[in-house]
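Undergrad: Input: one structure, supplied below.
Residue numbers (this note's numbering), protein chains in the order written: chain A, 48 to 199; chain B, 20 to 135.
Dropping the structure here:
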């Protein structure tokens with residue numbers, strides 16, 4: 048007897064293009080100054096109404112992804128940030144390539160000499176979308192403006 | 020102005036002096052090599068206790084964390100202890116998320132850290 052199959056959401060595919068940012072997205076190109084990137088994210092996240100702790104979480108996430116641009120590419124990266132009534136979204140695009148679509152899913156050992164960046168990103172953001180191909184990598188980080196009550 | 024400034028002191032406290040490294044500013048991938056040099060130099064002097072004062076640190080990313088974890092491993096191997104003092108919210112949260120605060124003792128103040 049056939050049983051109804053259980054549907055699991057697929058992890059974002061590497062070949063699946065992300066929808067475009069909204070028209071009012073703000074863009075910032077960085078090459079080495081991550082402090083400026085962080086200040087911009089904090090300002091925009093506050094203006095969008097994100098609570099202070101979660102704004103700092105988003106700052107950490109964006110900074111970790113932007114740090115990968117400095118580590119793994121020789122070119123600049125681009126930050127796009129936008130929000131609507133539901134969420135704040137930050138997107139980092141650079142020319143790097145991520146070959147493992149599940150990168151950051153497992154917590155690295157504290158003895159490891161790296162690998163915490165994308166793991167942290169996945170811990171603090173409500174949703175992380177990753178798209179990487181020969182033309183570059185896009186990481187999109189979502190923070191819900193009104194998170195469901197957690198009972199704490 | 021530098022994004023991250025470090026200052027180092029040897030503090031005489033009771034019977035045993037300790038090394039105090041104060042970090043002020045933002046610690047990220049752009050200055051983690053410099054931070055590693057500072058910590059390596061202090062670890063090489065084989066202090067019994069190395070306290071890192073995080074009061075003035077507004078931001079820390081995973082590269083800075085790895086530098087601190089590395090210093091902790093080196094100190095551990097030579098029988099010394101690293102302690103972290105007074106991390107502010109974003110830094111404290113990062114230490115908590117990675118469970119680095121389970122590995123390296125975190126204190127509310129430098130004096131608490133020096134008292135062990």
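Where is the CB? At the ideal position from N, CA and C, for every residue including glycine.
1) Quick check: the region 110 to 119 of chain A against the region 137 to 149 of chain A, are there 3 or more CB pairs under 8 angstroms?
2) Please report how far the alpha carbon of residue 135 of chain B lies from the alpha carbon of residue 105 of chain B, in whole angstroms.
3) According to DSSP, is residue 164 of chain A part of a helix, a strand, or is it coil?
4) Rounding to the nearest angstrom, what Cα-Cα distance links residue 115 of chain B and residue 171 of chain A in this structure?
5) By the three-class DSSP mapping on this structure, what secondary structure does residue 17 of chain B have?
6) Would you report the Cα separation of residue 49 of chain B and residue 77 of chain B, rounded to the nearest angstrom?
7) Output needed for residue 26 of chain B: all residues of its chain with C-beta closer than 6 angstroms, excluding positions within five of it in sequence on either side, in chain order.
8) Taking C-beta to C-beta, are residue 69 of chain B and residue 89 of chain B nearer than 9 angstroms?
9) Mind listing, in chain order, the continuous alpha helix (DSSP H) runs of no fewer than 4 residues lying wholly within the region 146 to 192 of chain A?
10) Would you please state the rounded distance, in angstroms, between the beta carbons of residue 51 of chain B and residue 83 of chain B? I believe it to be under 8 angstroms.
11) For residue 159 of chain A and residue 81 of chain B, what's the separation of their Cα atoms in angstroms?
12) Applying the criterion that 16 or more other CB atoms from any shown protein chain within 10 Å of the CB defines a buried residue, is residue 178 of chain A buried or exposed?
13) List, in chain order, every chain A residue whose beta-carbon is nearer than 7 angstroms to that of residue 124 of chain B.
14) In chain B, which residues lie less than 7 angstroms from residue 161 of chain A when you measure between Cβ atoms?
15) On the DSSP bridge list, what partners appear for residue 44 of chain B?
TA: Let me lay it out:
1) yes
2) 14 angstroms
3) helix
4) 12 angstroms
5) No answer is possible for residue 17 of chain B: the residues shown for chain B start at 20 and end at 135.
6) 15 angstroms
7) 41
8) no
9) 163 to 171
10) 5 angstroms
11) 11 angstroms
12) buried
13) Result: empty, since nearest Cβ-Cβ is about 14 angstroms, beyond 7 angstroms.
14) 85
15) B:23 and B:76
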